[in-house]
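Residue numbers (the numbering used here): 490 to 940. We put the CB at the ideal spot given by N, CA and C, even for glycine. The next block holds one structure in the form of C-alpha cells; read it before the comments.
Here it is as C-alpha cells:
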C-alpha cells in the first residue's frame, strides 16, 4: 500500500508539473518596454502565469543588469502575475541600449517560459571553476588567510563575494587550477582544501560554526550568501557595537484581517539591490508576495508587501512576526557597506587577492565586504575596509597602502577622495611597484595565523 501511495504521489506531482507547463505554453509571458510613458525612467511591464518565486526571478534579472528600480507595482492575486517597474541605469538615465532591452525581452518574455524555474541569470555550470562556500566567525585578517591558503594550494581565485554580518562571515568563491585553468576535481585535493580552510575559519579549533563546502551546484551568488547567513541564524545575534544606527532599516509587520494578508513595510536608506534583498528573503522564508508597492525615487526607499505564507495563512503569531522583521532587517544590513570603499583594477595574476589582503592586514585594516571579479585578464576588486578596532580608517594609512600597491591601481571611492598625492619620486612607490609586477611577489608568503 505504501508503494502504491508513493506511485500516486509521484504521478500527481508529474501531472501538476505537466499542467503548469501546458498553462504557460497557452499563456506565455509578455514583456512591454516603454521609454515614453515616464519622463525620467524606462517602464517595464511583465505579465505572466503566476508561480512561486517569479517576482524574485524578475527582480534578479533586472538587478543583475545593474539597473536601478526607482518604482514598482506588483500584483499576483490569482493565477496571473503582473508587475510594472520604473528603471534607470546607474547614472539615472533611461535605458536605451538595445542589447540590454533585447536581453530583458528574451529573459522575461515568451522565450523564457520553457526554462526551468528560478534560473540564475549569468550563472551556469562550468568546467572552468570550482565553487567553494565558506562560513565562519568573522575576525581581522580572515580573507587574507583564506586567500593565502588557496594560493599556496595552487588555486587561482577567479571570482568571489564576501559578506560579514553580526560577527559572522560568508563567502562564495570560484577557483580553478593555477596551471590548467580548469576546475579542480581531484577528491584528495578537494578534501585537503576543505580541511585547511575549515582550520582557518575555526581559528585552528574545532568550531561547529565553521563550514566549508565544495560544490558543482550553481546558485545565484547573492541569493546563496543570503541563504547561508539565514541558515546560520545571523539575524538572532546581537548587532555589532559599531553598527551605524542611522543605517538600521525600519521594518514592521501587521495583519490585515479583512483580506487575510500580512502587510510588511520597510523604510530604509536607498541603495542598490535593496529590493532584491527583501524579495529574496521573503521567498526563501516561504512567503508569497500578492501585492507590493515600491518607491525609491529619493534618498529613502519605501517598500510595502502584502504576503501570506506558502500554506495560505498570514503571519500567525507574535514570534513569527518578530522573526520576519528580524530576518528582513538582517538581509538589508548584510549588504550595508560599512567602512571605506577601495577599488583595485589591474592585470589579473595568481595570488593577487592574497597579496592585497595581506597588505591590508599588515596595516591593521579589516575587510567588511568584498567583490572580486576577473574578466579578459583584468581584475576588478572592490573592498570595504575599516580599522581592526572598528575605528575610522586613517588617511595616512590609506595613502601608505596606495603607495605600496600603486596609486593608479588602488583608488579610494569613499570619504578620502582628496588624499594628498604621493610624490612621484617616492622610493616606496618604485620599490613596491616593481615587486607588484614581478612573479616572485605574486607567489610570496606562507600561511600564518593572525587572530
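**Asked** What runs of the alpha helix (DSSP H), each 4 residues or longer, lie entirely inside the region 808–895?
**Response** Within the region 808–895, the runs of alpha helix (DSSP H) that reach at least 4 residues and sit entirely inside it are, in chain order, 841–851, 884–894.
**Request:** Compare the beta carbon distance of residue 788 and residue 759 with 7 Å and say whether it is the shorter of the two.
**Result:** The residue labelled residue 788 in the question sits at position 299 within the chain shown. The residue labelled residue 759 in the question sits at position 270 within the chain shown. A Cβ-Cβ contact shorter than 7 Å links residue 788 with residue 759.
**Asked** Where does residue 760 sit, in a helix, a strand or coil, going by DSSP?
**Response** Taking the chain shown and counting its residues from 1, the one referred to as residue 760 is at position 271. Three-state DSSP puts residue 760 in coil, outside helix and strand.
**Exposed unless 16 or more other CB atoms sit within 10 angstroms - verdict on residue 674** = By 1-based counting over the chain shown, the position of residue 674 is 185. Result: exposed.
**Request:** Specify the secondary structure class of residue 646 as computed by DSSP and reduced to three states.
**Result:** The residue you call residue 646 lines up with position 157 of the chain shown. DSSP places residue 646 in strand when its eight states are reduced to three.
**Request:** Could you check what DSSP says for residue 570 in three-state terms: helix, strand or coil?
**Result:** As a position in the chain shown, residue 570 is number 81, starting the count at 1. Correct three-state label for residue 570: strand.
**Message:** I'd like the span of the alpha helix (DSSP H) that includes residue 720, first residue to last.
**Reply:** In the chain shown, counting from the first residue as 1, residue 720 sits at position 231. For residue 720, the enclosing alpha helix (DSSP H) stretches over residues 710–720.
**DSSP bridge partner residues for residue 662 (one or two, in chain order)** = Looking up residue 662 in the chain shown gives position 173. In DSSP, residue 662 forms a bridge with 621, 649.
**Item:** First and last residue of the uninterrupted alpha helix (DSSP H) at residue 584
**Value:** Taking the first residue of the chain shown as position 1, residue 584 is located at position 95. Note, residue 584: premise wrong, no alpha helix (DSSP H); not H, not E.
**Asked** residue 861 and residue 842 look like a contact to me (Cβ under 8 Å); what is the Cβ gap, rounded to whole Å?
**Response** Taking the first residue of the chain shown as 1, we reach residue 861 at position 372. Taking the first residue of the chain shown as 1, we reach residue 842 at position 353. That belief holds up - the Cβ atoms of residue 861 and residue 842 are roughly 6 Å apart, short of 8 Å.
**Prompt:** Under a Cβ-count criterion, where at least 16 other Cβ atoms within 10 Å of its own Cβ denotes burial, should residue 940 be classed as buried or exposed?
**Reply:** Within the chain shown, numbered from 1, the residue matching residue 940 stands at position 451. Confidence in residue 940 is poor, its pLDDT being 28 and thus under 50, which makes the residue's placement too unreliable to answer from.
**Prompt:** Under 7 Å, do residue 689 and residue 743 count as touching if we go by C-beta distance?
**Reply:** Counted from its first residue, the chain shown places residue 689 at position 200. Counted from its first residue, the chain shown places residue 743 at position 254. Not in contact: residue 689 and residue 743 (Cβ atoms no closer than 7 Å).
**Item:** Limits of the alpha helix (DSSP H) - the one that residue 683 falls within
**Value:** Taking the first residue of the chain shown as position 1, residue 683 is located at position 194. Going by DSSP, residue 683 is part of the alpha helix (DSSP H) stretching over 676–690.
**N-terminal and C-terminal residue of the alpha helix (DSSP H) that residue 637 is part of** = What you label residue 637 is simply residue 148 of the chain shown in a count that begins at 1. From DSSP, the alpha helix (DSSP H) with residue 637 extends over 631–641.
**Prompt:** Would you say residue 796 and residue 778 are within 7 Å of each other, going by their C-beta atoms?
**Reply:** Sequence index remark: in the chain shown, residue 796 carries index 307 (1-based). Sequence index remark: in the chain shown, residue 778 carries index 289 (1-based). Yes, the pair counts as a contact, with Cβ atoms nearer than the cut-off.
**Prompt:** Roughly how many angstroms separate the alpha carbons of residue 683 and residue 864, rounded to a whole number?
**Reply:** Indexing the chain shown from 1 puts residue 683 at position 194. Indexing the chain shown from 1 puts residue 864 at position 375. Spanning the two alpha carbons is a distance of roughly 26 Å.
**Prompt:** For residue 920, which of helix, strand or coil comes out of DSSP?
**Reply:** In the chain shown, counting from the first residue as 1, residue 920 sits at position 431. Residue confidence for residue 920 is low, a pLDDT of 30 falling below 50, so the modelled location carries little weight and cannot support an answer.
**Cβ pair residue 518, residue 598 closer than 7 Å** = As a position in the chain shown, residue 518 is number 29, starting the count at 1. As a position in the chain shown, residue 598 is number 109, starting the count at 1. Between residue 518 and residue 598, the CB-CB gap stays under 7 Å.
**Prompt:** Roughly how many whole angstroms lie between the Cα atoms of residue 718 and residue 665?
**Reply:** Residue mapping note: residue 718 aligns to position 229 of the chain shown, counting from 1. Residue mapping note: residue 665 aligns to position 176 of the chain shown, counting from 1. Going from the Cα of residue 718 to the Cα of residue 665 covers about 25 Å.
**Asked** Below 7 Å between beta carbons: does that hold for residue 574 and residue 533?
**Response** Against the chain shown, residue 574 aligns to sequence position 85. Against the chain shown, residue 533 aligns to sequence position 44. Yes; because the gap between Cβ atoms is below 7 Å, this pair is in contact.
**Request:** Could you check if residue 634 is buried or exposed, using at least 16 other CB atoms within 10 Å of its CB as the buried criterion?
**Result:** As a first step, residue 634 must be located in the chain shown, where it is residue number 145. Looking at its Cβ environment, which holds 16 or more other Cβ atoms inside 10 Å, residue 634 is buried.
**residue 559 burial status per 10 Å Cβ neighbour count (16 or more: buried)** = Start at 1 with the first residue of the chain shown, and residue 559 comes out as number 70. For residue 559, the number of other beta carbons within 10 angstroms of its own is at least 16, and it is reported as buried.
**Item:** Between the CA atoms of residue 858 and residue 763 - distance to the nearest angstrom
**Value:** Taking the first residue of the chain shown as position 1, residue 763 is located at position 274. Taking the first residue of the chain shown as position 1, residue 858 is located at position 369. C-alpha separation (whole angstroms): 16 Å.
**Item:** 7 Å Cβ shell around residue 618 - same chain, five flanking residues per side excluded
**Value:** Here residue 618 refers to the residue found at position 129 of the chain shown. So the qualifying residues of the chain are 647, 663, 664, 665, 672.
**Item:** Nearest-angstrom Cα separation, counted from residue 529 out to residue 913
**Value:** Here the question's residue 913 lines up with position 424 in the chain shown. Here the question's residue 529 lines up with position 40 in the chain shown. Below a pLDDT of 50, predicted positions are generally treated as unreliable, and residue 913, at 38, falls in that range; the measurement from the model is reported next regardless. Answer to the nearest angstrom: the Cα atoms are 44 Å apart.
**Asked** Can you name the start and end residues of the beta strand (DSSP E) that residue 704 belongs to?
**Response** The residue you call residue 704 lines up with position 215 of the chain shown. Boundaries of the beta strand (DSSP E) harbouring residue 704: 700–704, taken from the DSSP string.
**Prompt:** Would the beta-carbon of residue 854 fall within 7 Å of that of residue 825?
**Reply:** Reading the chain shown from its first residue, position 365 is the one you call residue 854. Reading the chain shown from its first residue, position 336 is the one you call residue 825. When the beta-carbon positions are compared, residue 854 and residue 825 stay at least 7 Å from each other.
**Request:** Return the CA-CA distance between residue 711 and residue 885, expressed in angstroms with no decimal places.
**Result:** Translated into positions along the chain shown, residue 711 becomes position 222. Translated into positions along the chain shown, residue 885 becomes position 396. Answer to the nearest angstrom: the Cα atoms are 34 Å apart.
**Prompt:** Taking the alpha-carbon positions, what's the residue 774 to residue 749 distance?
**Reply:** Taking the first residue of the chain shown as position 1, residue 774 is located at position 285. Taking the first residue of the chain shown as position 1, residue 749 is located at position 260. Distance between residue 774 and residue 749, taken at the CA atoms: about 18 Å.
**Where residue 536 sits in the DSSP three-state scheme** = Your numbering for residue 536 matches position 47 in the chain shown. In the structure shown, residue 536 sits in a strand (DSSP, three-state: E or B).
**Prompt:** From 527, 720, 810, 721, pick the residue whose C-alpha is nearest to that of residue 752; which is it?
**Reply:** On the chain shown, residue 752 is found 263 positions in, with the first residue counted as 1. It is 810.
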